[in-house]
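Encoded as structure tokens, the structure appears first; notes follow it.
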Amino acid sequence: MVKMNKNSGYLKKIRLEKDKIESLENFPFNLPAVKNLDELAFHPKVTYLIGENGSGKSTLLEAIASKLNINAEGGSRNFNFTTRDSLSDLDKYLTLTKYPKHFKDAYFLRAESYFNVATEIERLDKEPGAGGKIITYYGGKSLHEQSHGESFLALFLYRLFGQGVYLLDEPEAALSPARQLAILARIHDLINLDAQFIIATHSPIIMSYPESTIYEFSDTGIKEVKYEETQNYILMKNFINNPGKFHEILFKN
Ligand SMILES: Nc1ncnc2c1ncn2[C@@H]1O[C@H](COP(=O)(O)OP(=O)(O)O)[C@@H](O)[C@H]1O
Ligand SMILES: [Mg+2]
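Numbering (the working numbering), first residue to last: 632 to 884.
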């Protein structure tokens, strides 16, 4: 029997203010997931954003991060570095509704730009006159001196402490299946410490947390699906059960 706590979440929903948008022709409003968006309600524990590459999951996560004043390239509210200037202005058209309860922590974890977060931590820690070293919050060992997977896990174990809103973009990218299970266990611990997660993922392991809402992004917009109905689950299950069958189809020429 899985022990569950009943935390109530911090973020309630987002709403796209369509009447403010001048044209649906241009990025990001031309993406089906954005064009057809009205409201998206968040699960108090975990909300998953899933769907094909390019369907707009990161674009939406970045906009939510901006609404929370978290650096859209990743990190906590204390980071404000930018390495690219291509962020969408979707956040300006979103209304975020929160529950009255305050959160003490907020973090945006992106596999894509995690390297830049590690570099920024090293830079800040070298600055004279700064207080305690930031790296101590990540387990003490330079994130550049650990493997991508190890440093990711270090962040999860040491930096995230609960009572927070955590946005994760493809956390599985650097992780072996066993480490993905470790992350899932840590997500559960953090939920018991009053964390709320919004996670973009392709991993059937990561997206399996029972108390969650799964939103699938597609050509027709965003719809809620059950775990067992997701493409990721069905495809992976069928493949593992019969790889030979897939090879027959894939390698027929
Ligand atoms: N700054 C940008 N300008 C124009 N198109 C963009 C920009 N950023 C992303 N896109 C496009 O928007 C689509 C959605 O991207 P993204 O949100 O990163 O997808 P996902 O995270 O679901 O894989 C992609 O087709 C991508 O090429
Ligand atoms: Mg993405």
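Beta carbons: idealized from backbone N, C-alpha and C, even for Gly.
Distance between beta carbons of residue j and residue i, contact taken as under 8 Å
i: F734; j: G795; result: 5 Å
i: T861; j: T678; result: That belief does not hold up - the Cβ atoms of T861 and T678 are roughly 14 Å apart, past 8 Å.
i: F783; j: P802; result: 7 Å
i: L585; j: I818; result: Here the chain covers residues 632 to 884 and nothing more, so residue 585 does not appear.
i: I681; j: N863; result: 6 Å
i: S773; j: E753; result: 6 Å
Selection from the options that minimises the alpha carbon distance to residue i
i: I829; options: P659, D669, P675, E670; result: P675
i: Y738; options: Q777, L755, P759, Y789; result: Y789
i: L699; options: G685, L727, N684; result: L727
i: G685; options: E879, H833, L881, N873; result: H833
i: Y768; options: R754, H775, T750, L791; result: L791
i: D736; options: L798, Q777, I681, E776; result: L798
i: E776; options: R810, T750, P759; result: T750
i: D720; options: E758, E683, S839, N657; result: N657
i: F673; options: F882, E758, I695; result: I695
Same chain, Cβ closer than 8 Å to residue i, five either side skipped, listed in chain order
i: M867; result: P835
i: G687; result: P659, L662, P663, A664, V665, F848
i: T851; result: P663, N667
i: E859; result: I865
i: D669; result: R646, L647, K649
i: K857; result: I845
i: L812; result: I836
i: L655; result: N661, K666
i: L881; result: none
Own chain residues within Cβ distance below 7 Å of residue i, not counting five before or after
i: Y730; result: S639, G640, Y641, K643
i: L671; result: K644, I645, Y846, I853
i: K651; result: Y724
i: F787; result: I814, R817
i: E855; result: T844, I845, Y846
For residue i, three-class secondary structure by DSSP
i: T832; result: coil
i: G795; result: strand
i: F870; result: helix
i: E879; result: helix
i: K729; result: strand
i: D722; result: helix
i: E670; result: strand
i: Y840; result: coil
i: L655; result: coil
i: T861; result: coil
i: K764; result: coil
i: I822; result: helix
i: F660; result: coil
i: S807; result: coil
i: S782; result: helix
i: S697; result: helix
i: F787; result: helix
Same chain, Cβ closer than 6 Å to residue i, five either side skipped, listed in chain order
i: D800; result: S689, L692, R741, A831
i: G793; result: L821, L824, D825, A826
i: D756; result: K764, I765, I766
i: G770; result: A785, Y789
i: E653; result: none
Distance cut-off 7 Å: residue i Cβ against heavy atoms of ligand 3
i: N863; result: By its list of ligands, the structure shown excludes ligand 3, since it contains just ligand 1 and ligand 2.
Per DSSP, cross-strand counterpart(s) of residue i
i: K854; result: E847
i: G687; result: Answer is none; G687 lacks a bridge partner.
i: A816; result: Answer by DSSP bridge pairing: none, since A816 is not bridged.
i: Q827; result: V796
i: L755; result: According to DSSP, which records beta bridges pairwise, L755 is partnered with nothing at all.
i: T678; result: I829, T844
i: R646; result: E670, T726
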